[in-house]
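Read through the structure below, which is laid out as structure tokens, and then see the notes.
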Amino acid sequence: MSDKNPWNSQLYDRKMSFVSILGKGILDLLDAKPGERILDVGCGTGDLSQEIAIAGALPMGIDFSEEMISAARQKYPHLPFSVADAHDFRTSESFDAVFSNAALHWMKQPEKVAESIWLALRPGGRFVAEFGGAGNVAQVIMALKRVLAAIGVDAEERMPWYFPSIGSYTALLEQHGFTVTFAQLFDRPTPLPDGEGGIAHWLNAFCAPFFVSMQDHEKAEVYREIATQLRPYLYQNGTWVIDYKRIRVAAIKPANP
Ligand SMILES: C[S@@+](CC[C@H](N)C(=O)[O-])C[C@H]1O[C@@H](n2cnc3c(N)ncnc32)[C@H](O)[C@@H]1O
């Protein structure tokens with residue numbers, strides 16, 4: 000695990016498996032058909048690529064984390080996975096669909112990612128995705144900003160996420176030539192496993208860029224303070240419930256643009 004690439008596949012699969020489990024909902028919108036070639040962008044450890052394969056389609060997973068791709072290859076050796084950054088991913092294949100769950104909000108140049116998706120699709124192909132939208136984890140971000148400001152760190156400068164409104168994201172897709180057929184922004188309060196300790200696992204799994212260069216003892220103190228600030232809002236009957244807001248979007252690359 001490095002500062003540039005903070006993904007820890009074991010922590011992800013042991014403690015954050017709810018991400019891909021909840022992501023199964025977006026597979027209904029994808030509606031993969033037998034024989035379709037489907038690109039899974041930000042595939043992580045491959046669980047949803049495997050679901051796509053179970054539907055009879057032919058997934059290919061890409062992710063810029065070597066660690067996540069190596070875990071995906073171990074779990075699903077029959078599926079093709081590649082290390083690639085979606086910002087500049089190019090392929091000679093022409094996919095029937097591009098799919099993505101819980102990954103696009105980690106990609107801070109969405110125009111470049113939209114271009115990669117557009118180029119990967121065949122004319123008439125579809126793009127279906129779910130990711131964090133405007134207001135996602137707003138309480139957590141407020142607490143992070145307050146606690147880090149107190150030790151002289153500007154959380155905004157370290158912000159790893161892009162959480163667009165559906166208006167701005169669908170406009171971006173339309174500017175690229177896509178026809179947007181579905182867009183939704185919805186609250187999805189998400190309970191974490193492991194009771195009291197759940198918030199620390201979540202901060203470890205998803206917030207590493209905010210804590211770059213911190214000593215362990217300093218980080219532990221910051222985590223404690225964040226938990227204290229969030230407890231009145233996000234700790235309910237022994238469970239942390241994170242204030243997720245998701246975007247679901249579907250769009251077509253027109254057959255005759
Ligand atoms: C929360 S995980 C989601 C993984 C998987 N889609 C799932 O549903 O379990 C987000 C993934 O996005 C990947 N990611 C982040 N930025 C990326 C980029 N620029 N290009 C490709 N993958 C990226 C991360 O490495 C990580 O595996």
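For the sequence shown, numbering that gives the first Met the number 0 begins at 0 and goes up steadily by one.
C-beta atoms are modelled at their ideal positions from N, C-alpha and C, and glycine is treated no differently.
Spatial neighbours of Ile-116 within its chain, please: CB distance less than 6 angstroms, with the 5 preceding and 5 following residues excluded, ordered by chain position. Locating residue 116 in the sequence shown gives position 117, counting from the first residue. Around Ile-116: Val-97 and Phe-126.
Under the three-state DSSP convention, the category Gly-124 falls into: On the sequence shown, position 125 is the one that residue 124 refers to. Three-state result, Gly-124: strand.
Is any heavy atom in ligand 1 found nearer than 7 angstroms to the beta carbon of Cys-42? Position 43 of the sequence shown, counted from the first residue, corresponds to residue 42. Because some heavy atom of ligand 1 lies under 7 angstroms away, the Cβ of Cys-42 counts as near it: yes.
Per the DSSP calculation, Met-141 is bridged to which residue(s)? For the purposes of this step, residue 141 is taken as residue 142 along the sequence shown, with counting starting at 1. Listed as beta-bridge partners of Met-141 by DSSP are no residues whatsoever.
8 angstroms contact criterion, which Arg-187 and Arg-223 should meet: CB distance rounded: For the purposes of this step, residue 187 is taken as residue 188 along the sequence shown, with counting starting at 1. For the purposes of this step, residue 223 is taken as residue 224 along the sequence shown, with counting starting at 1. That pair is no contact at about 27 angstroms.
Nearest CA to the CA of Pro-94: which residue from Lys-32, Ser-164, Arg-36 and Met-141? For this step, residue 94 is matched to residue 95 along the sequence shown. Note that residue 94 is Phe in the sequence shown here, rather than Pro. When each option's Cα is compared against that of Phe-94, the closest is Arg-36.
Looking at C-beta atoms only, is the number of pairs between the stretch 42-55 and the stretch 231-250 that lie closer than 8 angstroms three or more? No, they do not touch.
Once DSSP output is grouped into helix, strand and coil, what is the label at Phe-98? What you label residue 98 is simply residue 99 of the sequence shown in a count that begins at 1. Secondary structure at Phe-98: strand, using DSSP grouped into helix, strand and coil.
Is the closest heavy atom of ligand 1 to the C-beta of Leu-26 under 7 angstroms? If you number the sequence shown from 1, residue 26 lands on position 27. It does not: the Cβ of Leu-26 is nowhere closer than 7 angstroms to a heavy atom of ligand 1.
Evaluate Glu-92 with the Cβ neighbour count: other Cβ atoms within 10 Å of its Cβ, from every protein chain shown; 16 or more gives buried, anything less gives exposed. Translated into the one-based positions of the sequence shown, residue 92 becomes position 93. Glu-92 should be labelled exposed.
Label Phe-17 either buried or exposed according to how many other C-beta atoms from any shown protein chain fall within 10 Å of its C-beta, with 16 as the threshold for buried. The residue given as residue 17 occupies position 18 in the sequence shown. So Phe-17 counts as exposed.
Can you name, in chain order, every residue of its own chain whose Cβ lies under 6 angstroms from the Cβ of Trp-239, other than the five neighbours on each side? Stepping through the sequence shown from its first residue, residue 239 is reached at position 240. The answer, listed in chain order, is Leu-191, Gly-197, Ile-198 and Leu-233.
Neighbour-count burial assignment, Leu-118, 16 or more Cβ in a 10 Å radius: Translated into the one-based positions of the sequence shown, residue 118 becomes position 119. It counts as exposed.
Boundaries (first-last residue) of the beta strand (DSSP E) holding Ile-241: Locating residue 241 in the sequence shown gives position 242, where the first residue counts as 1. Unbroken beta strand (DSSP E) run through Ile-241: 238-251.
Gln-49 classed as buried or exposed, judged by whether at least 16 other C-beta atoms fall within 10 angstroms: For the purposes of this step, residue 49 is taken as the residue at position 50 of the sequence shown. Of the other Cβ atoms in all chains shown, 16 or more fall within 10 Å of the Cβ of Gln-49; this residue is therefore buried.
Burial state of Phe-185 (16 or more Cβ within 10 Å): Working through the sequence shown from its first residue, we reach residue 185 at position 186. Taking every protein chain shown into account, the CB of Phe-185 has fewer than 16 other CB atoms within 10 angstroms, so this residue is exposed.
Three-way DSSP call (helix, strand, coil) for Met-0 in this model: The sequence position of residue 0 within the sequence shown is 1, counting from 1. Summary for Met-0: the model assigns pLDDT 41, below 50, so the residue's position carries little reliability; its value from the coordinates is reported in the next sentence. The answer is coil: DSSP assigns Met-0 none of H, G, I, E or B.
Compute the minimum distance between the beta carbon of Asn-203 and the heavy atoms of ligand 3, and state whether it is under 7 angstroms. Although ligand 3 was asked about, the structure shown includes only ligand 1 as ligands.
Is Ile-61 near ligand 1, judged by its Cβ being under 7 angstroms from some heavy atom? In the sequence shown, the residue the question calls residue 61 occupies position 62. Indeed, a heavy atom of ligand 1 lies less than 7 angstroms from the Cβ.
For the putative contact between Met-59 and Asp-39, defined by C-beta atoms under 8 angstroms, what is the C-beta separation to the nearest angstrom? Sequence index remark: in the sequence shown, residue 59 carries index 60 (1-based). Sequence index remark: in the sequence shown, residue 39 carries index 40 (1-based). Confirmed, about 7 angstroms.
Under 8 angstroms between C-beta atoms of Tyr-161 and Met-106: The sequence position of residue 161 within the sequence shown is 162, counting from 1. The sequence position of residue 106 within the sequence shown is 107, counting from 1. A contact, by the Cβ cut-off of 8 angstroms.
Would you mind reading off the limits of the beta strand (DSSP E) that contains Thr-180? Stepping through the sequence shown from its first residue, residue 180 is reached at position 181. Per DSSP, Thr-180 belongs to the beta strand (DSSP E) from 178-190.
My output table needs one value for Pro-156: the three-state DSSP class, helix, strand or coil. Here residue 156 is taken as the residue at index 157 of the sequence shown, counted from 1. Checking the sequence shown, residue 156 turns out to be Glu, not Pro. Shown here, Glu-156 sits in a helix according to DSSP, grouped into three states.
Buried or exposed for Asp-215, going by 16 or more other Cβ atoms inside 10 Å? Stepping through the sequence shown from its first residue, residue 215 is reached at position 216. Burial is judged here by how many other beta carbons sit within 10 angstroms of a residue's own beta carbon; Asp-215 has fewer than 16 and is exposed.
Quick check: the Cα distance between Ala-254 and Gly-132, rounded to an integer number of angstroms? Here residue 254 refers to the residue found at position 255 of the sequence shown. Here residue 132 refers to the residue found at position 133 of the sequence shown. Going from the Cα of Ala-254 to the Cα of Gly-132 covers about 28 angstroms.
Buried/exposed call for Ser-1, threshold 16 Cβ in 10 Å: Start at 1 with the first residue of the sequence shown, and residue 1 comes out as number 2. Only weak support exists for where Ser-1 lies, its pLDDT of 42 falling under 50; the value from the coordinates is given anyway. Looking at its Cβ environment, which holds fewer than 16 other Cβ atoms inside 10 Å, Ser-1 is exposed.
Is Gly-22 a contact residue of ligand 1, with contact defined as CB to any heavy atom under 7 angstroms? To locate residue 22, count along the sequence shown from 1; it is residue 23. Distance from the C-beta of Gly-22 to the nearest heavy atom of ligand 1 is below 7 angstroms.
Helix, strand or coil, according to DSSP, for Phe-130 in the structure here? What you label residue 130 is simply residue 131 of the sequence shown in a count that begins at 1. In the structure shown, Phe-130 adopts extended strand secondary structure according to DSSP, grouped into three states.
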